[in-house]
Structures are given as C-alpha cells and as structure tokens.
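Some notes on the structure that comes next.
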Amino acid sequence: QYNWWNEALHGVGRAGIATVFPQAIGLASTWNRELIKQVARAISDEGRAKHHDAVRKGIYDAYFGLTFWSPNINIFRDPRWGRGQETYGECPYLTGQIGLQFVRGLQGDHPTYLKTVATPKHFAVHSGPEKGRHSFDAQVSLRDLHETYLPAFKTCIVEGKAASIMGAYNRVNGQPCCASPLLLQQILREEWGFDGVVVSDCGALYDIYANHGVTDSAETAATLALTTGCDLDCCGTYNIPCTFHSLSTGRGVDDEIDRAVTRLFTARFKLGMFDPPAVVPFAQIPISVVNSAEHRALAQTAAEQSLILLKNENGLLPLDPTISQKIAVIGPNAAEPLVLSANYAGDAVDAVSVLAGLQRVDSSAEISYARGCELWGEDQSQFAEAVAVVDAADVAIVVLGLSQQLEGEEEQSEGNPPNAASLGDRVDLALPTIQQALLQAVHATGTPLVLVLINGSALAVNWADAHVPAILEAWYAGQAGGTAIANAIFGYVNPAGRLPVTVYRSVDDLPPFDDYAMRERTYRFFTGQPLYKFGFGLSYTVFEYGAI
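Take 97 as the starting number for the sequence shown in my numbering and just add one per residue.
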C-alpha cells in the first residue's frame, strides 16, 4: 500500500508539524546554491522521518510518502500569476540552478538508494492564468519554448537526475501536456534520456476529455495519456474501469501498462521500500529531526538571506539597538505569523510574526503596535489609532503586502484563515488601495518610515519608492521570518538578497496575461524602465571606488 502524493515546496507540506522555510520565491532571492541544497536536505530528512514513523503506525495516507511533487520550476513570466510565489523567478538559468540544488538535496547522493524522489513541475509552459488552467492552450514559439520554458526542466532532469516529473494541466500548441508526443516522447524521453516516472497534475487527465475536448471520453483520455508516456495519474482517471475498457476494446495498452508499472516500482525499489529498513541508510532518521534546533536555525538563516533591501535613504537602516527609542509597528501583516508560511506548508511551531520578532530582538527600543487596516476593503476606522501611534514614535515599521487570499492557487484555502480561499491571480500590481491609504496617512505624521513588504509577487510600490526612506522586501519568509526581519532592521544581519524578478511600475507595462510570447517580458526582453531591475538589491555595506 502506498500513496504517491507528497509536497515539499519549502518544507514537508500538509503532514502536520514541519520546519517551514521561506516560500520558493524567497529561497531564490538568496542566489545561494549551497544554502538551497542544505534546505532541501533538511526537508528530505523530515520527509524520511515522517514516512517511516507513519509506516510504523500503519498510516499510508497522502503526504506521508517519499515521492515529493516539488520543486515548481515554471518561469514566473508575469507578476499577476498567483502561483508565481512557488517558483524561483523569471530567469531560466537561475531557476535551473536553484532547482538543480533542490533536486539534489531531496534525492541525496547515495550510490544505491534515493533519499526521496523529486518531481519538478509543471511540465511545461505553465504560468497562468489560474482561471483557465484546466482548458488553456498556451501558444508558444519554438524559440521561446526552448530558450525560456524548457531549460530549467532540462537542467533538473539531465544534470539533477530527477526521478520523476509532473505534467501540467494546460495544452501547449494544441497538445495536452500530459499526453503530448512533443513534450513526453520527443523532448523528455528521446532528447533528454529521461527514464523515470511521469505523473499528471491532479485531474489533468480528466481535463483532456472534459475541458480540452481532445478525446470523447475519460477512457480514451486515459488511453491517450498512457500510450504517450504518462505513468501515473493524480486523481483517478487511471482507474480499473478505464484500464479494462482499453484492454477490452483491443487498444493494446498492456505493454504500456507494464512499462508504467515498471517505472513506478523501479522508483519504489530505489527508495528502498522493499528492503529491510536496517540496510536503507535513510530509514534510520529519527522523528526528532522534525523541526529540530538545527533545522530551525537553518530556516532563520534562509529567511535572513532572502531579504532584499530595496531602498535605504540616508542610511535610516539599520536602527541602533543600543539607543532608547520609540518604534511603532503598523500594518495588517505585522502581527500575523500565518501569512509568513504561504502555501504548500507544514504546521509551523512558534512561528514568529514581524511584531513578535521586533519585540524579542535584543534592543533598547520601546515597541508599540496598531493594525491600521485589514488587507483589503474600505474600512478606515483603524487609521486614527495607527496615525496616533506613529506620530508618537521616533520611527515606524509599516508591514504591508499580500496574503494567500490575494494571490495563490485559485480556490485553495492553504495559508488562509478558516473558511477563506485564494482569489488566484492578481489584476493589478499595486498595494491594495486601503493599505496605500494607510501608508500615506502615517507618512503625513513626518515620522521616518520603514516599509516591510510581505508578499509572493512583485509589488509596484511607486509612491513608496518616492516618499518612504527605507523599503525591505521580505516575501513570505517562513516560520523564522519575524526574527530574520527584526535582525535585519537592527543590523544583526546584513540584508543582501537579490530580486529574482523584475518589478514593473504598472500592469500597463505588460502584454496580455494569456500571451505566452516573451516579448516585453522579464529582464531579458522588457524594453521599458522597471521600478526595480532583476538582480537588484542593496546592503548596509558602503562601497567606494578609488584610483588603482
């Protein structure tokens, strides 16, 4: 008995307590290959420990297996895409290098056994819109396909030896990704030499029939996918009736079934599932490794290295921790630890909000707090309290941004308060109107402001860039996010992350969302003037060039 579905985007997801590292976009902002590999090693340690603990207890549910449907190496070509936060940004090379180290960290380097199975996704040409993902046909040139959308997958498969890959929901140039001769046969198997498992995204095979209209039934959709090389279905289209239908109608898929079963069981043999635990080195990893002190420290290091200093006028930051000063903490994301976990996350223990981090950090500051407003809406009833708190302070930390409700996988509830679901993609790049109004209201006090952004995709903070002296991009920084942000604000660490995306000034700078051509997209093809360039990031270090 075995359930193939598990998640490891930035920690073991959906299986209870786990170390929650920064969201993938934050990990990419570190530009640190070795750190990424360390993070993935820690995740695979926890995944192994959870798996063997579950098996000993007779638990074979989803999210306790060793086949992880991670990393997400799609190209973040448009900042409106709600799931772009799950990726490593807009650059094919950076995405490939970060993905490569993540795959290696998950799978390990044992000569006989795989530690876990990594599954790069979603193959291929998949980056929104969320609303159309089950029926969308991405029209893409061969040049863009091979220069932008495929290189990261090739790196993870050819160099990283990823043992699995996940097909996407959409079509590419008319072919469903999970039944595409071009993608699955010509490119993946023949050109790249991949001999591992191809798994469909959940429900993607049903989409072939019901939403793409490529076949006339679920049975024929299953047959098409199986014969094209999709070995495993997430969500049941490869079921017994479909299989028997294919056999009874003489479609001759028995060889393809044998081929798929061979690939699936080969992966499980490589994981050591049929060997005595005593001879499988990873089977001895204790459950105590989950959220261990070592992993918590690594999560903090990753969060600290993911922070990007976008502006620091007149050296406002770092604040001096030895000076007695009044610091106001304002904003709807300031006191919320849940928002830092993002989606596809485990349950963080003692997750530290920005407010808690500032309260705990070693400083002589007096901290006061006011929420100011909700993430979105029109209610300004909390403005007066926030303005008063800021007016009485020497400096204010304003924590604004987004959440999984405002960006994410459409209709998913992960990372949200109870009974709340994600809206999916964004339609605008600016801060929500109510937050922008709060920022301008507290700015009018004259108190120096530090703007901290909590988000998963680029925010066009044009007004803030012109009026706020210090801006720190923190992404969804994981369970240690508040500690990392506080350490950066007070100078205990030097924020040195770099943007893995272009920050545009307006949605008007972008082509239509569903246009997959790369013209006027990303640092490689955008001819306008961005707010912040790909790769941008300041630090507290001051450089001066002199004559040699």
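Ideal placement from N, C-alpha and C gives every residue a C-beta, glycine not left out. It should be emphasised that the depicted structure is a prediction, and the values quoted were computed from it without experimental measurement.
### Task
Return the chain-ordered ranges of every beta strand (DSSP E) run that is complete within the stretch 424 to 472 and spans a minimum of 3 residues.
462 to 466
### Message
Within the continuous beta strand (DSSP E) that includes residue 408, where are the two ends?
### Response
Counting from 1 along the sequence shown, the entry for residue 408 is found at position 312. Note, residue 408: beta strand (DSSP E), 404 to 408.
### Query
Applying the criterion that 16 or more other CB atoms from any shown protein chain within 10 Å of the CB defines a buried residue, is residue 182 buried or exposed?
For the purposes of this step, residue 182 is identified with residue 86 of the sequence shown, where counting begins at 1. It is buried - the Cβ of residue 182 has at least 16 other Cβ atoms within 10 Å.
### Contact belief for residue 164 with residue 99 at Cβ below 8 Å, rounded distance in angstroms
Residue 164 sits at position 68 when you count from the first residue of the sequence shown. Residue 99 sits at position 3 when you count from the first residue of the sequence shown. Contact doesn't hold; Cβ gap of about 12 Å is too wide.
### Query
Among residues of its own chain, excluding the 5 on either side of residue 328, which ones have a beta-carbon nearer than 8 Å to its beta-carbon?
For this step, residue 328 is matched to residue 232 along the sequence shown. Closer than 8 Å at Cβ, skipping near neighbours: 100, 293, 294, 295, 296, 334, 356, 360.
### Range of the contiguous alpha helix (DSSP H) that encloses residue 519
As a first step, residue 519 must be located in the sequence shown, where it is residue number 423. That residue, residue 519, is in no alpha helix (DSSP H); it is neither H nor E in DSSP.
### Query
Straight-line CA distance for residue 648 to residue 403?
Summary: the structure shown does not reach residue 648, with the chain confined to residues 97 through 644, and so no result is reported for it.
#### Entry: Where residue 478 falls: helix, strand or coil (DSSP)
The count along the sequence shown starts at 1 and reaches residue 478 at position 382. Three-state DSSP puts residue 478 in coil, outside helix and strand.
### Task
Mind checking who residue 219 pairs with in its DSSP beta bridge?
For the purposes of this step, residue 219 is identified with residue 123 of the sequence shown, where counting begins at 1. In DSSP, residue 219 forms a bridge with 263.
### Query
What are the residues that DSSP puts in a beta bridge with residue 168?
Taking the first residue of the sequence shown as position 1, residue 168 is located at position 72. Partner(s): 217.
### Query
Cα-Cα, which of 640, 225, 216, 315 is closest to residue 246?
Within the sequence shown, residue 246 is the residue found at index 150, counting from 1. Comparing Cα positions, the closest option is 216.
### Query
Can you tell me whether residue 420 is buried or exposed, with buried defined as 16 or more other CB within 10 angstroms of its CB?
Reading the sequence shown from its first residue, position 324 is the one you call residue 420. It is exposed - the Cβ of residue 420 has fewer than 16 other Cβ atoms within 10 Å.
### Query
Between residue 104 and residue 166, which are expected to be in contact by the criterion C-beta below 8 Å, what is the C-beta distance as a whole number of angstroms?
Numbered from its first residue, the sequence shown carries residue 104 at position 8. Numbered from its first residue, the sequence shown carries residue 166 at position 70. Residue 104 to residue 166, Cβ: 4 Å. Contact.
### Message
Taking the straight line between their C-alpha atoms, what separation do you get for residue 234 and residue 240?
### Response
The residue you call residue 234 lines up with position 138 of the sequence shown. The residue you call residue 240 lines up with position 144 of the sequence shown. Answer to the nearest angstrom: the Cα atoms are 12 Å apart.
### Task
Tell me whether residue 233 sits in a helix, a strand or coil according to DSSP, three-state version.
In the sequence shown, counting from the first residue as 1, residue 233 sits at position 137. Three-state DSSP puts residue 233 in a strand.
### Task
Could you round the C-beta distance between residue 535 and residue 556 to whole angstroms and report it? I think they count as a contact, below 8 Å.
For this step, residue 535 is matched to residue 439 along the sequence shown. For this step, residue 556 is matched to residue 460 along the sequence shown. Not confirmed; about 13 Å, so no contact.
### Query
To which residues does DSSP link residue 628 through a beta bridge?
Along the sequence shown, read from residue 1 onward, the residue named residue 628 stands at position 532. 599, per the DSSP bridge assignment.
#### Entry: Per DSSP, cross-strand counterpart(s) of residue 568
Start at 1 with the first residue of the sequence shown, and residue 568 comes out as number 472. In DSSP, residue 568 forms a bridge with 405, 548.
#### Entry: Cβ neighbours of residue 145 in the same chain (closer than 7 Å, five flanking residues each side left out)
Here residue 145 corresponds to residue number 49 of the sequence shown, with the count starting at 1. Result list for residue 145: 381, 382, 383, 385, 386, in chain order.
### Query
Does the stretch 185 to 203 touch the stretch 562 to 570, meaning 3 or more C-beta pairs lie closer than 8 Å?
no
### Task
Determine the contact status of residue 414 and residue 550, defining contact as a CB-CB distance below 8 Å.
Numbered from its first residue, the sequence shown carries residue 414 at position 318. Numbered from its first residue, the sequence shown carries residue 550 at position 454. Not in contact: residue 414 and residue 550 (Cβ atoms no closer than 8 Å).
### Task
May I ask you to report which of helix, strand or coil DSSP gives residue 296?
Numbered from its first residue, the sequence shown carries residue 296 at position 200. In the structure shown, residue 296 sits in a strand (DSSP, three-state: E or B).
### Cβ pair count under 8 Å reaching 3, the stretch 447 to 455 against the stretch 424 to 433
yes
### Query
Can you round the beta-carbon distance between residue 377 and residue 209 to whole angstroms, since I take them to be within the 8 Å contact cut?
The count along the sequence shown starts at 1 and reaches residue 377 at position 281. The count along the sequence shown starts at 1 and reaches residue 209 at position 113. 7 Å between Cβ atoms; contact.
### Message
Please classify residue 637 as buried or exposed, where buried requires at least 16 neighbouring CB atoms within 10 angstroms.
### Response
Indexing the sequence shown from 1 puts residue 637 at position 541. Counting Cβ neighbours within 10 Å, residue 637 comes out exposed, since fewer than 16 surround it.
### Closest by C-alpha distance to residue 491, when choosing among 124, 614, 482
Here residue 491 refers to the residue found at position 395 when the sequence shown is read from its first residue. Among 124, 614, 482, the Cα nearest to that of residue 491 is on 482.
### Identified DSSP bridge partners for residue 373
Residue 373 sits at position 277 when you count from the first residue of the sequence shown. Looking at the DSSP assignment, residue 373 forms no beta bridge with any residue, so it has no partner.
### Query
Considering only C-alpha positions, which residue in the set 366, 323, 362 is nearest to residue 350?
One-based indexing of the sequence shown puts residue 350 at position 254. The shortest Cα separation from residue 350 among 366, 323, 362 belongs to 323.
### Task
Could you tell me which of 257, 311, 261, 467 sits nearest to residue 270, measuring between CA atoms?
The sequence position of residue 270 within the sequence shown is 174, counting from 1. Residue 270 has its Cα closest to that of 311, out of 257, 311, 261, 467.
### Task
Could you pull out every residue in the same chain whose Cβ sits closer than 8 Å to the Cβ of residue 363, ignoring the five residues on either side in sequence?
In the sequence shown, counting from the first residue as 1, residue 363 sits at position 267. 163, 210, 213, 259, 260, 292, 293, listed in sequence order.
### Query
Three-state secondary structure (DSSP) at residue 340?
Taking the sequence shown and counting its residues from 1, one reaches residue 340 at position 244. Residue confidence is low: residue 340 scores 43 on pLDDT, short of 50, so the model does not pin down where it sits. Its coordinate-derived value is still stated next. If DSSP states are grouped into helix, strand and coil, residue 340 belongs with the helices.
### Message
Between the alpha carbons of residue 503 and residue 398, how many angstroms are there, rounded?
### Response
Position 407 of the sequence shown holds residue 503. Position 302 of the sequence shown holds residue 398. Distance between the alpha carbons of residue 503 and residue 398 is about 23 Å.
### Cut-off 7 Å between Cβ atoms - residues of its own chain near residue 400, not counting five sequence neighbours on either side
One-based indexing of the sequence shown puts residue 400 at position 304. Excluding sequence neighbours, residue 400 sits near 580, 583, 584, 589.
### Query
Got a sec, what are the start and stop residues for the beta strand (DSSP E) residue 493 sits in?
For the purposes of this step, residue 493 is taken as the residue at position 397 of the sequence shown. Note, residue 493: beta strand (DSSP E), 491 to 497.
### Query
Expressed to the nearest angstrom, what Euclidean distance is found between the alpha-carbon atoms of residue 524 and residue 532?
Walking along the sequence shown from the start, residue 524 turns up at place 428. Walking along the sequence shown from the start, residue 532 turns up at place 436. Their Cα atoms are separated by approximately 13 Å.
### Query
Excluding sequence positions up to five away, which residues of its chain have a Cβ less than 6 Å from the Cβ of residue 495?
Residue 495 sits at position 399 when you count from the first residue of the sequence shown. Closer than 6 Å at Cβ, skipping near neighbours: 427, 429, 430, 450, 548.
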